[in-house]
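J.:
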Amino acid sequence: PRLTPILPRLADHNANQAEANALTQNPFTEPSSAAAALLALGVREAVVTDGPAAAAVAHAEGEHALSPPLDIGARATGAGDALAAAYLHRRLRGDPPERALAAGLAAAAVHRSGP
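Quick note on numbering: the sequence shown equals residues 216 to 330 in the numbering used here.
(1) State the Cα-Cα distance for the pair residue 257 and residue 294, rounded to the nearest angstrom.
(2) In three-state terms, what does DSSP make of residue 273?
(3) Leaving out five residues on either side along the sequence, give the residues of the same chain with a beta carbon under 8 Å from the beta carbon of residue 318.
(4) Bridge partners of residue 326, per DSSP?
(5) Excluding the 5 residues preceding and the 5 following residue 333 in the sequence, name in chain order all residues of the same chain whose CB lies nearer than 8 Å to its CB.
(6) Quick check: residue 269 and residue 282, are their CB atoms within less than 9 Å of each other?
(7) Taking only runs that begin and end inside the region 223–258, name each unbroken beta strand (DSSP E) of 3 or more residues, in chain order.
(8) Note down, in chain order, each residue of its chain lying with its Cβ closer than 6 Å to the Cβ of residue 226, except the 5 sequence neighbours on either side.
(9) When you compare only the Cα positions, how much space is there between residue 324 and residue 236?
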């Protein structure tokens, strides 16, 4: 919650469901609702993930929720980092948020299936 005052200065914020709920002080159960709430707090683009479940991105042009590809592994450590890295890489390349989110979910799935 200490991050809340600076949210309007953030161009992009990636959070998991629990982090987004803490920032918004709401018990959202869907990433799309939490992402929209972060947008309302001033973040220009918000990505919210929910482990192996759906993820969502909210931005000025709208909201997009996507389900991940089939869960092909149980290794979760680092999957969120893989998602964030792929998402940011695709956004920096100029891809729209929904395509960047799809790439992030794919990267997280590949990471989860690792050795």
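A virtual CB, placed ideally from N, CA and C, is assigned to each residue, including glycine.
T.: Taking the coordinates as given:
(1) Along the sequence shown, one-based indexing puts residue 257 at 42. Along the sequence shown, one-based indexing puts residue 294 at 79. Taking the straight line joining both Cα atoms gives about 26 Å.
(2) Start at 1 with the first residue of the sequence shown, and residue 273 comes out as number 58. Look at residue 273 here: in three-state DSSP terms it is strand.
(3) On the sequence shown, position 103 is the one that residue 318 refers to. Excluding residues within five positions, the ones whose Cβ falls inside 8 Å are 301, 302, 304, 305, 310.
(4) Here residue 326 corresponds to residue number 111 of the sequence shown, with the count starting at 1. In the DSSP output, where bridge partners are listed per residue, residue 326 has none listed.
(5) Residue 333 lies beyond the stretch modelled for the chain, which goes from 216 to 330, so this question has no answer here.
(6) Numbered from its first residue, the sequence shown carries residue 269 at position 54. Numbered from its first residue, the sequence shown carries residue 282 at position 67. Yes, Cβ-Cβ distance for residue 269 and residue 282 is below 9 Å.
(7) As far as the region 223–258 is concerned, its whole beta strand (DSSP E) runs of at least 3 residues are 228–231.
(8) Your numbering for residue 226 matches position 11 in the sequence shown. 259, listed in sequence order.
(9) The residue you call residue 324 lines up with position 109 of the sequence shown. The residue you call residue 236 lines up with position 21 of the sequence shown. If I take the Cα positions, the gap works out to 24 Å.
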